[in-house]
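A short write-up of the structure that comes next.
Number of protein chains: 2
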Amino acid sequence: MTAVTVKRDTASTVQCMKAMSDPTRLLIMKLVQKKAYCVCQFVDMFEMSQPAISQHLRKLKMAGLVREERRGQWRFFSMNDEFGARDLVLSILNQLDDEDETLRAIQSKEKAVSCD
Amino acid sequence: MTAVTVKRDTASTVQCMKAMSDPTRLLIMKLVQKKAYCVCQFVDMFEMSQPAISQHLRKLKMAGLVREERRGQWRFFSMNDEFGARDLVLSILNQLDDEDETLRAIQSKEKAVSCD
DNA sequence: TCATTATATAAGTCTTTGGTTATATAATTC
DNA sequence: GAATTATATAACCAAAGACTTATATAATGA
Chain A
259 MTAVTVKRDT
269 ASTVQCMKAM
279 SDPTRLLIMK
289 LVQKKAYCVC
299 QFVDMFEMSQ
309 PAISQHLRKL
319 KMAGLVREER
329 RGQWRFFSMN
339 DEFGARDLVL
349 SILNQLDDED
359 ETLRAIQSKE
369 KAVSCD
Chain B
259 MTAVTVKRDT
269 ASTVQCMKAM
279 SDPTRLLIMK
289 LVQKKAYCVC
299 QFVDMFEMSQ
309 PAISQHLRKL
319 KMAGLVREER
329 RGQWRFFSMN
339 DEFGARDLVL
349 SILNQLDDED
359 ETLRAIQSKE
369 KAVSCD
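Residue numbers (this note's numbering), protein chains in the order written: chain A, 259 to 374; chain B, 259 to 374.
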């Protein structure tokens, strides 16, 4: 049973694609598809500065692809299931190899957060 | 009968998405999916300068999304069906609305080429 | 061969992007 | 309430993008 894809206009398609057309953001989307992560986890996994990660997350959030949730001193990000272009996002993520080396390397660096 | 999608790595996915993450190039891909167009047709349809169109086409060609064919003094561009990330391209184009206003407006400006 | 037509390329400009460092804010813990 | 921890934001910078104008190339046709 395949859902009928809601067709989208050019502008919103381009906006969504631009948000995901970066290796860091594409992989963040791949990760949050499965569960929520907090900023500091991404910092560890991507071995990237905290401001750099924050800015990538802001872009994804502004574009509507992720949602933010506060838990104590942490902010968790997860996939926004109410996003209009959700089908587009999923079809892109779906053809991204789960065995991809870059993805694997990043996943292997995941650390638990105290509140978990 | 749905074809099995070949999973792709992060780098090639991002490269393909970047090539399509522009309204002009996304719509060019939508157009060449159906048939080949020459540069001068795109210039008319997108109401954009010839060098600008040439440069967009070069990007698409360099990324492997389109192929070029000479017919007399014209150069026709069509979708490259041998492209590795073809499934990704098609799934993106597939969810782009055929009734999209921008697309319609561009299609309405199509003119015939002498050699047609 | 010369003018015309179709296209590419080069060089310049302006904007956007993705990082940096420094600092602000807000919750937690001592 | 002071120090610590998590995060955001601001200001800056270098590189990439998307145009522009000017010019080169290549095929066509007189």
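The beta carbon of each residue, even a glycine, is placed where N, CA and C say it ideally should be.
- For a cut-off of 8 Å, the C-beta gap from B/TYR295 to B/PHE341 is around 17 Å, too long to register as a contact.
- An exposed status is given to B/ASP356, since fewer than 16 other beta-carbon atoms sit within 10 Å of its beta-carbon.
- Between A/VAL324 and the set A/PHE304, A/ARG283, A/ASP302 and A/GLU359, the nearest pair of CA atoms involves A/ARG283.
- Looking at the DSSP output, B/SER336 bridges to B/ARG325.
- Per the DSSP secondary-structure output, A/LEU354 pairs in a beta bridge with B/ARG266.
- Note on geometry: alpha-carbon atoms of B/PHE304 and A/VAL301 lie some 42 Å from one another.
- A check of alpha carbon separations from A/LEU354 across A/ALA343, A/MET278 and A/VAL297 identifies A/MET278 as the nearest.
- For A/ALA269, the residues of chain B that pass the 8 Å Cβ criterion are PRO281 and THR360, in the order they occur in the chain.
- Within its own chain, the residues whose Cβ lies closer than 8 Å to the Cβ of A/GLN308, once the five positions on either side in sequence are excluded, are VAL297, CYS298 and VAL301, listed in chain order.
- Inter-residue distance for A/VAL371 and A/GLN331 is about 11 Å (C-alpha atoms, whole angstroms).
- A direct Cα-Cα distance of roughly 28 Å separates B/SER312 from A/LEU346.
- Along the segment 307–341 of chain B, there is no position whose C-beta sits under 7 Å from a C-beta of chain A.
- Membership of B/ASP280 in any alpha helix (DSSP H) is not indicated, and neither H nor E is assigned to it by DSSP.
- For a cut-off of 8 Å, the C-beta gap from B/VAL272 to A/ASP280 is around 7 Å, short enough to register as a contact.
- With fewer than 16 other beta carbons inside 10 angstroms of its own, B/ALA363 counts as exposed.
- For A/GLN353, a Cβ of chain B is located within less than 8 Å of the residue's own Cβ.
- Out of B/MET320, B/ALA269 and B/MET337, the CA that lies nearest to the CA of B/LYS293 is found in B/MET337.
- Look at A/ARG344: its C-beta is not under 8 Å from any C-beta on chain B.
- For B/LEU289, there are no C-beta contacts with chain A under 9 Å, since the nearest C-beta of that chain is about 12 Å from it.
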